[in-house]
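*Asks:*
Residue numbers (our numbering): 385 to 529.
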């Protein structure tokens, strides 16, 4: 069986369409996936709008997540007891909002620790393989604004 023939024109058309849909620098806020060719198409785009505190609690507060991360975060909300149904009172709504925000922050915190660990591994590798990198890195500074 032979591989299907490549169609570079169709491939470029798909890429151009994704770029039009996503705009500049599209990325999932959770995993950082920004490889435009890897993003999976969903109903109205490639990244999904995740309702940060649940659609029933605030329909307008959204962030962009890739399809996989959206599923993960939604499941974490369920595990944290976040009701995704319209709350019966404003107090129930506030409790759901606090649960959802906390669940998302915990998840992002865990992801941040993993990223910091990966960065420390990279530093160790650079020290081992390219020890002169530290002289270059001293030129670059970072400060919170």
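Every residue gets a Cβ at the ideal spot worked out from N, C-alpha and C, and that includes glycine.
Between the Cα of residue 464 and the Cα atoms of 474, 450, 482, which residue gives the shortest distance?
*Replies:* Position 80 of the chain shown, counting from 1, holds the residue named residue 464. Per the Cα distances, 482.
*Asks:* Tell me which residue opens and which closes the beta strand (DSSP E) that residue 449 is part of.
*Replies:* Here residue 449 is taken as the residue at index 65 of the chain shown, counted from 1. 446-449 is the extent of the beta strand (DSSP E) around residue 449.
*Asks:* Report the rounded CA-to-CA distance for residue 524 versus residue 516, giving the unit in angstroms.
*Replies:* Locating residue 524 in the chain shown gives position 140, where the first residue counts as 1. Locating residue 516 in the chain shown gives position 132, where the first residue counts as 1. Residue 524 and residue 516: Cα-Cα distance of roughly 14 Å.
*Asks:* Decide if residue 494 is buried, meaning its Cβ has at least 16 other Cβ atoms within 10 Å, or exposed.
*Replies:* Position 110 of the chain shown, counted from the first residue, corresponds to residue 494. Exposed, because fewer than 16 other Cβ atoms sit within 10 Å of the Cβ of residue 494.
*Asks:* Enumerate in chain order the residues of its own chain whose CB-to-CB distance from residue 485 is below 8 Å, with the five nearest sequence positions on each side excluded.
*Replies:* Here residue 485 is taken as the residue at index 101 of the chain shown, counted from 1. Cβ within range, chain order: 436, 437.
*Asks:* Closest by CA to residue 474, which one among 505, 440, 446, 491?
*Replies:* Walking along the chain shown from the start, residue 474 turns up at place 90. Looking at the Cα atoms, 440 is the closest of the given residues.
*Asks:* Which one of 466, 433, 445 has the shortest CA to CA distance from residue 454?
*Replies:* As a first step, residue 454 is located in the chain shown; it is residue number 70 there, counting from the start. Out of 466, 433, 445, 433 has the C-alpha closest to the C-alpha of residue 454.
*Asks:* Give me the DSSP bridge partner(s) of residue 432.
*Replies:* Along the chain shown, read from residue 1 onward, the residue named residue 432 stands at position 48. Paired residue(s): 449.
*Asks:* Tell me whether residue 363 is buried or exposed, calling it buried when 16 or more other Cβ atoms sit within 10 Å of its Cβ.
*Replies:* Missing from the structure shown is residue 363; the chain here goes from 385 to 529 and no further.
*Asks:* Where does the unbroken alpha helix (DSSP H) through residue 411 begin, and where does it stop?
*Replies:* The count along the chain shown starts at 1 and reaches residue 411 at position 27. Per DSSP, residue 411 belongs to no alpha helix (DSSP H) and is neither H nor E.
*Asks:* Closest by CA to residue 487, which one among 480, 400, 461?
*Replies:* Walking along the chain shown from the start, residue 487 turns up at place 103. The residue with the shortest Cα to Cα distance from residue 487 is 461.
*Asks:* Since residue 412 and residue 449 are thought to touch, with beta carbons under 8 Å apart, how far apart are those beta carbons, to the nearest angstrom?
*Replies:* Along the chain shown, one-based indexing puts residue 412 at 28. Along the chain shown, one-based indexing puts residue 449 at 65. With 8 Å as the limit, residue 412 and residue 449 qualify as a contact, their Cβ atoms being about 5 Å apart.
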